[in-house]
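Colleague: According to this note's numbering, the residues represented by the sequence shown are 1 to 500, in order. Here it is, the structure in full.
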Amino acid sequence: MFVPELLYRYKKLFKALIQQDQGHHQDEIPGMKQVFWAHVLRIDLHSWVGLLSCLLVMLPVLMIPHPVVLLIASMMPLGLFLILRQPIVVCLIFILFSFFRIHEIFPSLDPLKIPKFSAIASYFVLLWHIGLTRKVQLYWCHEMSLFFCFFSWVVVSILFSSYMPIAFDSFTSVYLKISIMLFAIAWLMTRAYHFRIAHLAIVFCGVSVGCVALYNQMNHIGLVESTRVTIPGTSLGDPNDLALVLSFPLSFAIALFMTEGTGKIAKGIGLVSFGICMLAIIATQSRGGLLASVAIMAFFAMKVIRSRLVVMSAGSFMLMLLMVVAGISERQSGGDVSGRMDESAQGRIHAWETAINMTLHNPLTGVGLSLFLDNYWNYARHAPDQGLAHVTHNTWLQIMSETGLVGFILFLLLIAGIFRSIHRSVALLEQSRGSPYYDPYLLAIAMGTFVGLIGFCVSGTFLSQGFLWPFYIMAALGIALAHFTDSNKMEVNRVELEKI
């Protein structure tokens with residue numbers, strides 16, 4: 001469109017110049033340079049966008065002359081159109097690939113560099129819709145203020161860390177991306193179907209990871225300690241990390257099944273997904289993963305069973321049953337029938353003692369982000385021959401040792417604020433039953449987020465996840481849900497909600 005229009009204007013211009021009186025002085029006729037810029041500047045914005053898109057499509061073909069590249073390049077304009085129309089999709093792709101490590105689990109996807117390109121696309125659509133189209137309406141809330149305070153203190157702890165290069169590298173490579181995506185999700189999720197997409201995407205990614213884990217168990221691929229399943233060659237090579245990843249979609253799967261009104265197909269998807277994730281967590285033989293699973297199931301049991309005593313008794317029995325089924329006592333580091341403390345528990349106690357000692361010596365800012373292991377032997381109270389250096393295996397002590405007591409208090413306030421926000425959203429959605437605003441899928445993701453946060457707090461006693469994706473995804477979903485329910489003004493009694 002751009003080139004024909006420019007040629008047409010040139011033709012019209014020169015035709016007018018030829019018809020001019022030959023007696024005119026040559027200086028009166030504009031020069032070629034003046035004519036060019038005068039008409040180029042009159043081209044509208046859409047023509048410029050079209051020209052730049054064509055140039056961008058040509059660049060990969062010129063750099064890599066391959067038929068596959070040509071096919072991909074031909075789809076770039078359509079892809080650009082889609083990501084501009086549905087920015088939440090590209091942000092979810094980046095988050096899910098970063099957290100579930102889909103490109104590592106399925107190596108055939110790795111050459112496509114999906115996390116890298118989706119990250120670039122996410123930042124692009126954010127700038128596009130915030131700065132140019134202004135379709136994304138920015139807002140601020142109390143929970144965002146709490147997160148910003150904690151984020152700022154993490155930066156302060158980096159400035160006063162024991163070794164700034166490592167802390168700063170961890171900050172820029174992981175935590176800064178997490179922080180940006182928290183605001184991106186909170187601002188971009190403005191429609192009901194956005195929450196449905198996020199809910200189903202999290203569940204399906206969890207099922208994919210769970211199926212690969214169960215396949216590895218059946219074929220004895222990459223087992224740790226001969227019995228614990230992992231996904232070797234990926235970031236999920238540790239059974240505890242794998243259990244952490246699986247416990248996240250577990251809460252969303254059971255919420256999809258337990259919420260009334262989601263439909264038979266959705267309930268079937270939720271039940272099957274819950275079973276796959278639960279079996280995979282059992283296969284990891286992770287104590288933290290099993291505790292989180294029991295906490296999630298206990299919460300939904302309380303919705304059905306009125307007696308809390310019965311729920312607590314059933315939960316205790318279920319935990320013991322799961323540990324027997326998982327075979328934790330048969331782990332090489334899992335238990336000793338003679339009654340002595342096993343190697344895994346002893347390592348955790350040593351790590352917890354070291355974390356407390358770090359906090360006592362650095363009460364304000366801690367040792368810095370991701371510097372626990374680097375400072376381990378400077379604060380350990382046991383000799384190297386009594387055990388190896390371990391990560392904290394405790395989210396609370398991880399936050400405390402790496403950001404100090406101030407960071408720990410801010411983190412607790414942030415969790416409390418997110419809990420209150422999600423609880424209020426759940427109450428709004430439940431009280432809107434029967435109204436035209438009620439959406440069972442919104443209630444399902446609200447319940448899944450709330451229960452997932454409970455599972456995070458429980459498993460945080462045995463897993464180090466203070467600066468990883470799960471909590472911050474749930475925080476972003478909670479903030480977005482609260483804003484959505486408030487902006488749509490559910491028909492409920494607002495006076496009663498102030499008591500929540």
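We put the beta carbon where it would ideally sit given N, CA and C, even for glycine. It should be emphasised that the depicted structure is a prediction, and the values quoted were computed from it without experimental measurement.
Can you list, in chain order, the residues of its chain whose CB lies under 7 Å from that of C91, leaving out five sequence neighbours each side?
Modeller: Short of 7 Å from the beta carbon of C91, and not among the five residues preceding or following it, lie these beta carbons of its own chain, in chain order: S122, M181, A184, I185 and L188.
Colleague: According to the neighbour-count rule (16 or more other Cβ atoms, all chains shown, within 10 Å of its Cβ), is H382 buried or exposed?
Modeller: Answer is exposed; the Cβ neighbour count stays below 16.
Colleague: Quick check on the DSSP output: the alpha helix (DSSP H) that includes H423 runs from which residue to which?
Modeller: T395 to Q431
Colleague: For W352, which option in G237, V229 and Q398 has the closest C-alpha, if you only look at C-alpha atoms?
Modeller: Q398
Colleague: Going by the CB atoms, is the gap between I102 and C205 shorter than 9 Å?
Modeller: yes
Colleague: Select from F462, L442, G263 and I473 the residue whose C-alpha is nearest the C-alpha of T485.
Modeller: L442
Colleague: Given that a residue counts as buried once 16 or more other Cβ atoms are within 10 Å of its Cβ, and exposed if not, what is M144?
Modeller: buried
Colleague: Determine, using beta carbons only, whether T259 and A480 come nearer to each other than 9 Å.
Modeller: no
Colleague: Excluding sequence positions up to five away, which residues of its chain have a Cβ less than 7 Å from the Cβ of R196?
Modeller: Y441
Colleague: Does the beta carbon of I265 fall short of 8 Å from some heavy atom of the ligand MN?
Modeller: The model on display carries no ligand, and the ligand MN is accordingly not part of it.
Colleague: Once DSSP output is grouped into helix, strand and coil, what is the label at R228?
Modeller: strand
Colleague: Can you give me the start and stop residues for the alpha helix (DSSP H) that R196 sits inside?
Modeller: A192 to M218
Colleague: Taking the alpha carbon of L236 as the point to measure from, which residue in L410, F151 and F97 has its own alpha carbon closest?
Modeller: F97
Colleague: Take L223 and list the residues in its own chain whose beta-carbon comes closer than 8 Å to its own, dropping the five residues that flank it on each side.
Modeller: N216, Q217, V229 and T230
Colleague: Looking only at C-alpha atoms, which of T392, L412 and E402 sits nearest to S464?
Modeller: T392
Colleague: Is it true that the CB of G455 sits closer than 9 Å to the CB of S293?
Modeller: In contact: S293 and G455 (Cβ atoms closer than 9 Å).
Colleague: Compute the distance between the beta-carbons of G288 and A345, then report whether it is under 9 Å.
Modeller: no
Colleague: Give me the residue from S487, N488 and I445 with the minimum Cα distance to F248.
Modeller: I445
Colleague: Under 8 Å by Cβ, that's how I've got S251 and G448 pegged, so tell me the actual separation to the nearest angstrom.
Modeller: 5 Å
Colleague: Please report the distance separating the alpha-carbon of A138 from that of G275.
Modeller: Sequence check: residue 138 is Leu here, not Ala. Taking the straight line joining both Cα atoms gives about 39 Å.
Colleague: Can you give me the Cβ contacts of H25 inside the same chain, cut-off strictly under 8 Å, excluding the 5 residues immediately before and after it?
Modeller: Residue placement at H25 is poorly supported in this model, since its pLDDT is 48, which falls under 50; the coordinates still yield a value, given next. If we look at H25 and ignore the five residues flanking it on each side, it has no Cβ neighbours.
Colleague: Going straight from the alpha carbon of V125 to that of H199, what length do you get?
Modeller: Here the alpha carbon of V125 sits roughly 22 Å from the alpha carbon of H199.
Colleague: Take every Cβ of the segment 254-271, pair it with every Cβ of the segment 421-430, and state whether three or more of those distances are shorter than 8 Å.
Modeller: no
Colleague: If you draw a straight line from the alpha carbon of D371 to that of F148, how long is it in whole angstroms?
Modeller: The question names Asp, yet the displayed sequence has Leu at residue 371. Looking at the backbone, the Cα of L371 and that of F148 are separated by about 22 Å.
Colleague: What would DSSP say about Q346, mapped onto helix, strand or coil?
Modeller: helix
Colleague: Is it buried or exposed for W140, if we count other Cβ within 10 angstroms and need 16 for buried?
Modeller: exposed
Colleague: Write down every uninterrupted run of the alpha helix (DSSP H) in the segment 444-495 whose length is 4 residues or greater and which is fully enclosed by it, in chain order.
Modeller: 469-487
Colleague: Nearest by alpha-carbon distance to T172: which of F467, I473, G478 and A475 is it?
Modeller: F467
Colleague: Give the secondary structure of E353 by DSSP, where H, G and I count as helix, E and B as strand, and everything else as coil.
Modeller: helix
Colleague: I need the boundaries of the alpha helix (DSSP H) containing L132, first residue and last residue.
Modeller: Looking at the DSSP string, L132 is not in any alpha helix (DSSP H), and its letter there is neither H nor E.
Colleague: My assumption, with CB atoms under 8 Å, is that I130 sits in contact with I473. Please give the rounded CB distance.
Modeller: Not really, about 21 Å apart at Cβ, beyond 8 Å.
Colleague: Taking buried to mean at least 16 other C-beta atoms within 10 Å of its own C-beta, is D439 buried or exposed?
Modeller: buried
Colleague: Distance check for D110 and G417, CA to CA, integer angstroms please.
Modeller: 38 Å
Colleague: Terminal residues of the continuous alpha helix (DSSP H) containing P87?
Modeller: P87 to F100
Colleague: From A213 to L52, what distance separates their C-alpha atoms?
Modeller: Rounded to whole angstroms, A213 to L52 spans 45 Å at the Cα level.
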